[in-house]
Each structure stands twice: as structure tokens, then as C-alpha cells.
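Going by this note's numbering, the sequence shown runs without a break in its numbering and finishes at 237.
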Amino acid sequence: DAGYESNEYLDKVQAAAKKVGLPFGCIAVDGAHIYEDDIVKRAENRKKAYRWIDVAQYLGATQVLVTGNDPDRGRTADNLAELSVFAGEFGLTPNLEPMPWTLPDSADSYLELMGAIDRPQFAVHLDPTNLINSPAKFYDNAGLLQPLLGQMLPWLYVDSGWWTAFGLLGNALFSSRFIIQWLHSEK
């Protein structure tokens, strides 16, 4: 059950995107926190996640972006593995995005989780700015990024070199605002 009855709004979104030549590569799953402790709430949210997967497939996306946000790594792995199987049936690849306040918080914890999920249709959404959540990690960002890039390469979903370069440039521009703000505050 996709959780919605009509594709009328999606048809409008799709038409507007087509008009300007905007493809849908990745759709972020929003409001579907699969990490709920309560089994009933988790089932409700799973239904929402399935709806977003249906939406992504309908719009022609190839990926869906999800977050773990659960301190119970085993439950996180089980939930994300189940979600990846469902998404895989639609030809979609779920990507796990780390958030500053949750696990995974390092290359090692990411790899541990990815190994537990162990699904070929699951990938990593590498957003290093979300992992830099303390002054120590900010000042030693090379120490954070080098192991991530080295160990995560097999898990990264890469569709093209051009989009990868574009994404890295965008991430650098986005991250520079923090550095500029910090430099300005030190005056």
C-alpha cells in the first residue's frame, strides 16, 4: 500500500521537472523514521517509507535517501535491509545518510552497519559534513575523510564521473560557508 490514492500531484511535479529538463536521481524519504521503538509506530512509518519508494519509482528516480537514527545497530541493520529489499523490487537503491547526531559516526561504524545490512542494492550516501559534528573532527577533517574515502569506495553509488565531481564541488561550496562563518567570527 503506497499510502496515497492519486498521482495527480506527482504528475504535476513530473511535468514541471520535464519542462525544465530536471531528472529525478534521488528522492529523500521524509517523515518515515524506521527506527521507532514502538512496533506500531514503526509499522506506520514503514508504510510511509514504502510510499516514498513508490513515489521515487513513479518519478523515475534510481535512488532513495534514508537515515538510520537508531542507537540499536542490529535493529537499524534489519530495518534498512528490509527496506532495501523492497526498494530493490522497484529497481531503486537506498542510500544511507549519516546525520551529525546519530550513528554511523565514522568509517568503522559505517562499515560495520553496511556489513550487517549486506544487500547489493544498498549504498552509502557519503556526506562528510554531516560527520563533522565536533571541533575535534572539524580540525582533523582529513583524519576523518581519508579512512572514509578509502574504506567506503566499494559502497558508494556512482552513476557518472561528471555527477560525482559536481557533487564534490557542491559539497565543498556548501561546507565553505561554515569556514567563512568561523573566520568571520574570529575577527
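Virtual Cβ for every residue (Gly too), placed ideally from N, Cα, C.
- Query: Which word fits residue 88, buried or exposed, when buried means at least 16 other C-beta atoms lie within 10 angstroms of its C-beta?
  - Reply: Here the question's residue 88 lines up with position 38 in the sequence shown. With fewer than 16 other Cβ atoms within 10 Å, it is exposed.
- Query: In the DSSP assignment, what are the bridge partners of residue 78?
  - Reply: Counted from its first residue, the sequence shown places residue 78 at position 28. Partner(s): 115.
- Query: If residue 181 and residue 155 are in contact, beta carbons under 8 Å, what's the gap, nearest whole angstrom?
  - Reply: Start at 1 with the first residue of the sequence shown, and residue 181 comes out as number 131. Start at 1 with the first residue of the sequence shown, and residue 155 comes out as number 105. Correct: roughly 6 Å between the Cβ atoms.
- Task: Taking only the alpha-carbon atoms, compute the straight-line gap between residue 175 and residue 236 and give it to the nearest angstrom.
- Result: For the purposes of this step, residue 175 is taken as the residue at position 125 of the sequence shown. For the purposes of this step, residue 236 is taken as the residue at position 186 of the sequence shown. Cα to Cα, the separation comes out at about 32 Å.
- Query: Using the rule of at least 16 other Cβ atoms within 10 Å of the residue's Cβ for burial, across every protein chain shown, is residue 133 buried or exposed?
  - Reply: The sequence position of residue 133 within the sequence shown is 83, counting from 1. Result: buried.
- Message: Quick check: the Cα distance between residue 229 and residue 56, rounded to an integer number of angstroms?
- Response: Stepping through the sequence shown from its first residue, residue 229 is reached at position 179. Stepping through the sequence shown from its first residue, residue 56 is reached at position 6. Rounded to whole angstroms, the gap between the alpha carbons of residue 229 and residue 56 is 45 Å.
- May I ask which residues mark the beginning and end of the beta strand (DSSP E) holding residue 145? Along the sequence shown, read from residue 1 onward, the residue named residue 145 stands at position 95. Per DSSP, residue 145 belongs to the beta strand (DSSP E) from 143–147.
- Task: In the DSSP assignment, find the unbroken alpha helix (DSSP H) run with residue 159 in it and report its ends.
- Result: Here the question's residue 159 lines up with position 109 in the sequence shown. 157–167 is the span of the alpha helix (DSSP H), which, as asked, contains residue 159.
- Message: So, under 8 Å CB-CB, residue 77 and residue 111 are touching, yes? Tell me the CB distance rounded to an integer number of Å.
- Response: One-based indexing of the sequence shown puts residue 77 at position 27. One-based indexing of the sequence shown puts residue 111 at position 61. About 5 Å separates the beta carbon of residue 77 from that of residue 111, a gap short enough to meet the 8 Å contact definition.
- Message: Please classify residue 227 as buried or exposed, where buried requires at least 16 other C-beta atoms within 10 Å of its C-beta.
- Response: For this step, residue 227 is matched to residue 177 along the sequence shown. Exposed is the call here.
- Pairwise C-alpha distance: residue 102 and residue 79: Start at 1 with the first residue of the sequence shown, and residue 79 comes out as number 29. Start at 1 with the first residue of the sequence shown, and residue 102 comes out as number 52. Their backbone Cα atoms lie some 6 Å apart in a straight line.
- Message: Rounding to the nearest angstrom, what Cα-Cα distance links residue 152 and residue 122 in this structure?
- Response: Translated into positions along the sequence shown, residue 152 becomes position 102. Translated into positions along the sequence shown, residue 122 becomes position 72. The alpha-carbon atoms of residue 152 and residue 122 are separated by roughly 11 Å.
- Message: So, with DSSP's three-state summary, where would you put residue 102?
- Response: The sequence position of residue 102 within the sequence shown is 52, counting from 1. Looking at residue 102 - three-state DSSP - the assignment turns out to be helix.
- Item | Residue nearest to residue 100 in terms of C-alpha spacing, selected from 90, 82 and 113 | Residue numbering aside, residue 100 sits at position 50 when the sequence shown is read from its first letter. The shortest Cα separation from residue 100 among 90, 82 and 113 belongs to 82.
- Item | Of the listed residues 178, 86 and 137, nearest to residue 225 (C-alpha basis) | On the sequence shown, residue 225 is found 175 positions in, with the first residue counted as 1. When each option's Cα is compared against that of residue 225, the closest is 178.
- Item | Terminal residues of the alpha helix (DSSP H) in which residue 61 lies | Along the sequence shown, one-based indexing puts residue 61 at 11. 58–70 is the span of the alpha helix (DSSP H), which, as asked, contains residue 61.
- Does the distance from the CB of residue 114 to the CB of residue 148 come in under 8 Å? Taking the first residue of the sequence shown as position 1, residue 114 is located at position 64. Taking the first residue of the sequence shown as position 1, residue 148 is located at position 98. Result no, Cβ atoms of residue 114 and residue 148 do not sit closer than 8 Å.
- For residue 169 versus residue 222, is the C-beta distance shorter than 8 Å? In the sequence shown, the residue the question calls residue 169 occupies position 119. In the sequence shown, the residue the question calls residue 222 occupies position 172. Contact: no.
- Message: residue 186 and residue 142 - do their beta-carbons sit closer together than 8 Å?
- Response: In the sequence shown, the residue the question calls residue 142 occupies position 92. In the sequence shown, the residue the question calls residue 186 occupies position 136. No, Cβ-Cβ distance for residue 142 and residue 186 is not below 8 Å.
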